[in-house]
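Report on the following structure.
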Ligand SMILES: [Fe+2]
Ligand SMILES: [Fe+2]
C-alpha cells in the first residue's frame with residue numbers, strides 16, 4: 002500500500018532526471034494487485050532514404066525513447082508500441098525499426114499502424130511481430146489490442162494497381178484519396194467473443210492505432226465503426242481506450258470510456274481546428290499541448306509512462322523540449338483531465354491556430 | 271493647361287481602345303484565377319514531393335493541408351532568428367532541416383508556388399502581421 006517504487010536506475014537518474022516528469026517516481030494507489038505501469042512508445046515512422054540510410058531525425062526519436070524507457074527501475078510490467086513503426090511499411094524500414102526496439106529491456110507488445118500495413122497488408126509486420134489483434138491479462142486488468150486501421154474492401158483490394166501505390170495513398174494524412182479507418186465486422190465479432198468471458202467489473206484497456214471515436218475525418222483522426230466498438234465496451238464499468246496516430250495530446254470521456262492519445266517519437270501534428278478550411282470536432286476536454294519549436298527537432302515528440310490504478314489510467318507524457326504533461330483520471334468528475342492545465346490558463350503564445 | 275493640350279486629353283480619353291485597356295472582362299478574371307490555381311497546385315505538388323529535400327521527407331508530413339505555417343502572420347518577429355522575417359525564410363528553414371535540402375531564392379518560382387499553396391489553404395483567415 003505504501004510501497005513507493007524507485008523508478009529510475011540510480012546511475013542514470015542524475016543524467017536524465019530533469020527530462021522525466023516528477024510523476025515517474027510513482028506512488029502506488031489502491032490494491033497492489035491492480036497496480037500496473039507500462040511504457041507506451043508510438044509512431045516512430047522509421048523512413049528509408051536509400052539502402053541502409055534512414056531519416057536521421059526519426060531514428061533519433063525512437064532511439065531516445067527506447068534508451069529512456071530502459072532507465073525505468075524496476076522494469077515496467079510491459080512496453081507497448083502503438084503503431085506506425087515504419088513510414089512506408091517496407092522490409093528495410095520494419096527491420097530497422099525492429100532492431101532499434103530490440104534494445105528494449107522488455108520485449109514490446111505491438112499495435113499495427115496504417116504505415117506498417119498498406120504495402121503488403123501487414124504480412125511482413127506479422128512475420129516479425131505476430132498477431133495483428135489479440136488480448137492479454139496483467140494483474141487483473143484485461144488488455145485488448147485492435148487492428149483499427151483497416152478500411153473498405155474495395156479500397157484495399159480493387160482500387161490500386163500496386164501495394165506501393167496503395168501505401169503511398171494511405172500515407173498522406175491529408176490526401177483526399179485515402180479512406181476512413183475501421184475495425185471491421187470480423188474483428189468486432191472476435192472482440193465480442195473475447196469480452197464474453199470477462200466480468201463486467203474487470204478493468205479493460207484497449208490499444209488501437211486510430212482513435213475509436215470520430216474526431217476529424219479529413220485527417221483520418223477517425224474510426225468509421227467507432228460507435229459499434231464502443232457499444233461492445235459499454236457494458237464494462239471501467240474502460241480505457243488508448244491510441245497513437247494523432248501525434249498530439251487528446252483526451253476525453255464518452256460514457257464509461259476514457260480516451261487518451263499518446264505522442265509520437267517522430268514529429269508532432271497540428272490540431273485539426275488549426276486547419277482553416279475544415280470544421281473540427283476535437284474533443285472539448287482536451288487541453289492542447291504547447292506548440293513545437295521547429296528549431297528543436299525533438300520538441301513535442303516523446304513517449305509515455307502509464308500507471309493503471311483502480312482500473313483507470315494516468316498518462317505521464319515525457320515531451321523533451323515541450324512542457325511535460327500528466328493526464329490523470331479524475332474519479333469525482335469521472336473523466337481524464339490535466340490537473341495543472343485545467344486550473345491555470347495557458348500562455349497565449351501557445352495557442353494553436 | 272493650354273487649349274491644345276486639353277483637346278489632346280479629351281481625344282485620348284474618348285479613344286475607345288484606351289478605355290478598354292483599363293477594363294477587364296470575365297475571360298480575364300477566369301484566366302487570372304486559373305493562373306493562380308495552377309501555381310497553387312504546383313505548390314501543393316511541391317509540398318508533397320520529396321524533390322525539395324534529400325531524405326524523402328515532405329512538408330505535408332508535418333503540415334497537413336499546410337496547417338501550422340501561418341502565412342497571415344508574416345512579416346513577424348521570429349525569436350529563433352532574432353529579427354523580423356518573411357515566410358520564405360521559414361520555408362527555407364524547414365527545407366534545410368527536416369528535409370535536409372537546399373534553400374530556394376525568395377523569388378524562385380518554386381518558392382512562389384509554395385506561398386500560393388499555403389495562402390490558398392489559409393484563405394479567409396484575417397491578416398494578422400506580427401502575430402506569433
Ligand atoms: Fe503516425
Ligand atoms: Fe497512423
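Residue numbers (my numbering), protein chains in the order written: chain S, 2 to 354; chain U, 271 to 402.
For glycine and all other residues, C-beta sits at the position ideal for the given N, C-alpha and C.
Please look up how many angstroms separate the CB atoms of residue 291 (chain S) and residue 261 (chain S), rounded, as I've assumed it's under 8 Å.
No, residue 291 (chain S) and residue 261 (chain S) are not in contact; Cβ-Cβ is about 18 Å, not under 8 Å.
Rounded to whole angstroms, what's the CA-CA distance from residue 125 (chain S) to residue 168 (chain S)? Just pull it up for me.
Approximately 14 Å between the Cα atoms of the pair.
Taking buried to mean at least 16 other C-beta atoms within 10 Å of its own C-beta, is residue 32 (chain S) buried or exposed?
Below a pLDDT of 50, predicted positions are generally treated as unreliable, and residue 32 (chain S), at 44, falls in that range; the measurement from the model is reported next regardless. The residue in question, residue 32 (chain S), is exposed, as its Cβ has fewer than 16 Cβ neighbours within 10 Å.
Taking a cut of 7 Å between CB atoms, which residues from the region 215 to 226 of chain S lie near chain U?
Hits within the stretch, in order: 220.
Residues near ligand 1, CB to any non-hydrogen atom under 5 Å, in chain order?
S:44, S:85
Please give me, in chain order, every unbroken run of the alpha helix (DSSP H) with length at least 4 that falls completely inside the region 204 to 241 of chain S.
227 to 234
Using the beta-carbon count (16 or more within 10 Å), is residue 342 (chain U) buried or exposed?
buried
DSSP three-state call for residue 335 (chain U): helix, strand or coil?
Helix, per DSSP.
I'd like the ranges of any alpha helix (DSSP H) spanning at least 4 consecutive residues and lying wholly in the region 310 to 372 of chain U.
Listed in chain order, the complete alpha helix (DSSP H) runs (minimum 4 residues) inside the region 310 to 372 of chain U are 329 to 332, 357 to 366.
Tell me whether the beta-carbon of residue 373 (chain U) lies closer than 8 Å to the beta-carbon of residue 362 (chain U).
yes
Between the alpha carbons of residue 322 (chain S) and residue 301 (chain U), how many angstroms are there, rounded?
48 Å
Closest Cβ-Cβ distance between residue 394 (chain U) and chain S: below 8 Å?
yes
Is residue 114 (chain S) a contact residue of ligand 2, with contact defined as CB to any heavy atom under 7 Å?
yes
In three-state DSSP terms, what is residue 170 (chain S)?
helix
When burial is assigned at 16 or more other CB atoms within 10 Å of the CB, is residue 177 (chain S) buried or exposed?
exposed
Which residues in the same chain have their Cβ closer than 7 Å to the Cβ of residue 309 (chain U), if we skip the five residues on either side of it in sequence?
382, 383, 386
Since residue 363 (chain U) meets chain S, which of its residues come closer than 8 Å, beta carbon to beta carbon?
295, 296
Where does residue 251 (chain S) fall in DSSP's three states?
In the three-state scheme derived from DSSP, where H, G and I count as helix and E and B as strand, residue 251 (chain S) is classed as coil.
What does residue 149 (chain S) pair with, by DSSP beta-bridge criteria?
Beta-bridge pairing links residue 149 (chain S) to no other residue.
Straight-line CA distance for residue 272 (chain S) to residue 71 (chain S)?
Going from the Cα of residue 272 (chain S) to the Cα of residue 71 (chain S) covers about 31 Å.
Taking only heavy atoms of ligand 2 into account, decide whether any of them is closer than 7 Å to the Cβ of residue 201 (chain S).
no
Starting from residue 60 (chain S), follow the alpha helix (DSSP H) in both directions and report where the run begins and ends.
57 to 70
What's the call for residue 354 (chain U), buried or exposed, on a 16-neighbour Cβ count within 10 Å?
By the beta-carbon neighbour count (other beta carbons within 10 angstroms, threshold 16), residue 354 (chain U) is exposed.
Mind checking whether residue 37 (chain S) and residue 88 (chain S) have CB atoms under 8 Å apart?
Against a cut-off of 8 Å, the Cβ pair of residue 88 (chain S) and residue 37 (chain S) comes out as no contact.
Using a Cβ-Cβ cut-off of less than 9 Å, give me the residues of the region 300 to 331 of chain U that come near chain S, in sequence order.
318, 324, 325, 326, 327, 328, 330, 331
Report yes or no: is there a C-beta of chain S within less than 8 Å of the C-beta of residue 341 (chain U)?
no
When DSSP labels each residue in this structure, what does residue 97 (chain S) get in the three-state scheme?
In the structure shown, residue 97 (chain S) sits in a helix (DSSP, three-state: H, G or I).
Considering only their Cβ atoms, is the gap separating residue 184 (chain S) from residue 327 (chain U) smaller than 8 Å?
no
Within 10 angstroms of its Cβ, does residue 303 (chain U) collect 16 or more other Cβ (buried), or is it exposed?
exposed
Going straight from the alpha carbon of residue 313 (chain U) to that of residue 219 (chain S), what length do you get?
20 Å
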